[in-house]
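To start, the structure itself, in structure tokens.
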Amino acid sequence: MLGEIKVLDKGFVRLVEVMGNDISVVQGARVSYGAGAKDPERDKTLLRYLFVHKHSSPFEMVEFKFHIRCPIFVARQWVRHRMWSYNEYSMRYSPAIEDFYVPETWRKQDKVNIQGSAGTLSDEENKAFTERYRRHCEESFKIYNEMIAAGVAREMARGVIPISTYTEFYGKTDLNNFIKFLNLREDSHAQYEIQVYARAMKELVRSYVPWTIEIYEETKAKSGV
46 MLGEIKVLDK GFVRLVEVMG NDISVVQGAR VSYGAGAKDP ERDKTLLRYL FVHKHSSPFE
106 MVEFKFHIRC PIFVARQWVR HRMWSYNEYS MRYSPAIEDF YVPETWRKQD KVNIQGSAGT
166 LSDEENKAFT ERYRRHCEES FKIYNEMIAA GVAREMARGV IPISTYTEFY GKTDLNNFIK
226 FLNLREDSHA QYEIQVYARA MKELVRSYVP WTIEIYEETK AKSGV
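Counting from 46, one number per residue, gives the positions in the sequence shown under my numbering.
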């Protein structure tokens, strides 16, 4: 393991393996005319040109493998990114992970963005719903364990598990598709719970591709997103 950042209340992001760095991108681009890395200033200038003008294939020369622990509903958003390789913890083979995500505050439905949230409930409402939510999740796991004890197949008993339950998976992608993931999931319009995972991963890879992350952040800042 190359690094770990705790995320949410019981989750984490672990960087497991890295292949390549910023210079790998430069070498991938210059091979077109038989050249490789030169000096840092010229190399960074080339990398910036590639990034800004969306010459994406050289960025595929770098790969990252992560170990992720997140709520099931976050994982389901994650797998929408098809240019990753995934392998997830299976509740058919193994017992459910008996940890569930408890938000610090309950956000209100955004009246403009139908898939988003805006603002929070009052402290009194927040406390009341958190208590009911905890009881509901705990009861779900109680029923799950009773079903397992009675001999119900794991693949069926898992149906009572809430989607706030934590799952784990390994995910591998290249730098080009990682940047696409960041563009969407670090964005302020993305759900908060996946935003924090995107930011954690960005920090873990920063030391391996500092130029790329710097240029990505500069470009995003200029766009005002």
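Beta carbons: idealized from backbone N, C-alpha and C, even for Gly.
Here the structure is a predicted model, which means the values were calculated and not measured.
Given C182 as reference, the closest of K156, R199, F145 once Cα atoms are compared
Position 137 of the sequence shown, counted from the start, is the residue given in the question as residue 182. Checking every option, the nearest Cα to that of C182 belongs to F145.
Expressed to the nearest angstrom, what Euclidean distance is found between the alpha-carbon atoms of F174 and P255?
The sequence position of residue 174 within the sequence shown is 129, counting from 1. The sequence position of residue 255 within the sequence shown is 210, counting from 1. Spanning the two alpha carbons is a distance of roughly 43 Å.
Residues near Y253 in its chain [Cβ-Cβ closer than 6 Å; skip 5 each side]
Reading the sequence shown from its first residue, position 208 is the one you call residue 253. Once the five neighbours on either side are set aside, the close Cβ partners of Y253 are V63, N66.
Thinking C-beta only, is Y215 closer than 8 Å to A202?
Here residue 202 refers to the residue found at position 157 when the sequence shown is read from its first residue. Here residue 215 refers to the residue found at position 170 when the sequence shown is read from its first residue. No, they are not a contact pair.
Per DSSP, the bridge partner or partners of Q72
On the sequence shown, residue 72 is found 27 positions in, with the first residue counted as 1. As far as DSSP is concerned, Q72 takes part in no beta bridge.
Throw me the rounded Cβ distance for the T210 and I117 pair, which I believe falls under 8 Å.
For this step, residue 210 is matched to residue 165 along the sequence shown. For this step, residue 117 is matched to residue 72 along the sequence shown. Rounded, the Cβ-Cβ distance is 5 Å, consistent with contact.
Could you pull the DSSP bridge partners for Q154 from this structure?
Here residue 154 corresponds to residue number 109 of the sequence shown, with the count starting at 1. Within the DSSP secondary-structure output, Q154 pairs in a beta bridge with S162.
Would you decide whether N132 is buried or exposed? Buried here means 16 or more other CB atoms lie within 10 Å of its CB.
Translated into positions along the sequence shown, residue 132 becomes position 87. By the 10 Å Cβ count, N132 comes out exposed.
For I224, does the count of other Cβ atoms within 10 angstroms reach 16, so buried, or fall short, so exposed?
Here the question's residue 224 lines up with position 179 in the sequence shown. Result: buried.
Should Y242 go down as buried or exposed, given a rule of 16 or more other Cβ atoms within 10 Å for buried?
Residue mapping note: residue 242 aligns to position 197 of the sequence shown, counting from 1. Only buried fits Y242, as 16 or more other CB atoms lie within 10 angstroms of its CB.
Determine whether the beta carbon atoms of R251 and I258 lie at a separation below 8 Å.
Stepping through the sequence shown from its first residue, residue 251 is reached at position 206. Stepping through the sequence shown from its first residue, residue 258 is reached at position 213. Cβ atoms of R251 and I258: closer than 8 Å.
Could you check if D88 is buried or exposed, using at least 16 other CB atoms within 10 Å of its CB as the buried criterion?
Stepping through the sequence shown from its first residue, residue 88 is reached at position 43. Buried: at least 16 other Cβ atoms inside 10 Å.
Thinking just about the alpha-carbon of each residue, which of G161, V147, M106 is nearest to the one in K55?
Here the question's residue 55 lines up with position 10 in the sequence shown. Ranking the options by Cα distance to K55, first place goes to V147.
If you check the beta carbons only, do A245 and V119 fall under 8 Å apart?
Counting from one through the sequence shown, the residue named residue 245 turns up at place 200. Counting from one through the sequence shown, the residue named residue 119 turns up at place 74. The Cβ atoms of A245 and V119 lie no closer than 8 Å to each other.
Roughly how many angstroms lie between the CA atoms of E149 and D84, to the nearest whole one?
Position 104 of the sequence shown holds residue 149. Position 39 of the sequence shown holds residue 84. Using only the alpha carbons, I get a separation of about 48 Å.
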